[in-house]
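Right, one structure below, let's go through it.
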Amino acid sequence: MLCRFLAVLLFISADAVRLTPKRASKAHEAKLEVEAKPHPVSLVDLLSSARPSSLLQKLGLRIDPDAAKDEELQVIPAGPTTEKEMQEMATEARARLWAMIKQVVIYVSIYILTVAAGAYIYKRLWAEPVLNMDKAKDDLGDQDFAHGPCSCMEDMTVCMLSFCCMPCRFAATTNATGILGFWAAVALFTVLVDVRVLIQDRLLWLVVYLLGAGICTYYRQKLRSAFNLQNTSADQAKDFFMWACCCCCAVSQEARQVRAAAKLQV
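Residue numbers (our numbering): 57 to 322.
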């Protein structure tokens, strides 16, 4: 009985001795894995390092420092190295942003004032009065536009105004026929033109351009209705392509229609 007890005891002791190194080796491997994992490093600490070997160590790479390599590969900080420098950089960035915003606001304000001043001068000098559309229908109704789409050179005044002051000439036409107020039309046309200038993507630019042509075609259709002009499907297609391909000619033709009606009402 005693012999059996001693045999069991020796067997347990031998098993414990055999398992102990494995457990120790596993613990050692787990410790190495923890050491090998990169530790979180702040940006300031990372950029403040002046030695490539220590910088690579902070990134989690297990290398040995080498003074010779450090001399050959010097690290020059490319950004802020302290919290104070980071705050100063952020302050400078905010200042530049506000300066850019102020500059944009100034430019936009000057542009709006310039357009408004030009539109005011145009309205005082060249805009036609509001027409009596009932009489205009009797005089010019049941036909197409009084002048052809490519005959704008026959009236050089209207031609130059349509080419150089297109938003104002468009607004004068819509205002005289009661379709849209003068200042609303100036704002609408200016936005349609300026939005295209800001767009960089060619496909999006084309979409916006065609959308603007469609909007102007809509008001041309209202002008046909106001004068009771013929308006077939072919006329609607011609109106769209007129605005899409030669908007100056479209503005001139519409303006000459209004002027013809104004002369008949004098």
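By construction, the Cβ of each residue, glycine as well, lies at the ideal position given by its N, Cα and C atoms.
Between the CA atoms of residue j and residue i - distance to the nearest angstrom
i	j	result
residue 220	residue 155	33 Å
residue 188	residue 163	40 Å
residue 250	residue 139	43 Å
residue 151	residue 253	27 Å
residue 316	residue 161	42 Å
residue 263	residue 248	12 Å
residue 306	residue 176	23 Å
residue 196	residue 228	19 Å
residue 233	residue 148	54 Å
residue 303	residue 267	13 Å
residue 190	residue 257	46 Å
residue 192	residue 153	55 Å
residue 209	residue 178	20 Å
residue 255	residue 321	44 Å
residue 318	residue 186	9 Å
residue 308	residue 294	15 Å
residue 212	residue 146	57 Å
residue 280	residue 291	10 Å
residue 287	residue 202	14 Å
residue 278	residue 184	18 Å
residue 157	residue 206	44 Å
residue 180	residue 299	27 Å
residue 218	residue 159	31 Å
When the options are compared against residue i, the one with the closest alpha-carbon
i	options	result
residue 194	243, 149, 276 and 282	282
residue 199	285, 210, 146 and 205	285
residue 174	185, 224 and 287	224
residue 245	215, 269 and 289	269
residue 170	182, 235, 261 and 242	242
residue 239	261, 168 and 218	168
residue 235	275, 203, 260 and 297	275
residue 301	278, 272 and 287	272
residue 226	211, 318, 212 and 312	312
residue 314	277, 298, 230 and 210	230
residue 182	278, 216 and 279	216
residue 265	218, 141 and 297	297
Query raised in the report: Along the chain, which unbroken stretches of the alpha helix (DSSP H) at least 4 residues long are found entirely within the stretch 176-233?
Result: 189-196, 212-220 and 222-232
Requested in this report: Could you tell me which uninterrupted alpha helix (DSSP H) segments, each at least 4 residues in length, are contained entirely in the stretch 244-322, listed from first to last along the chain?
Outcome: 258-283, 289-301 and 303-320
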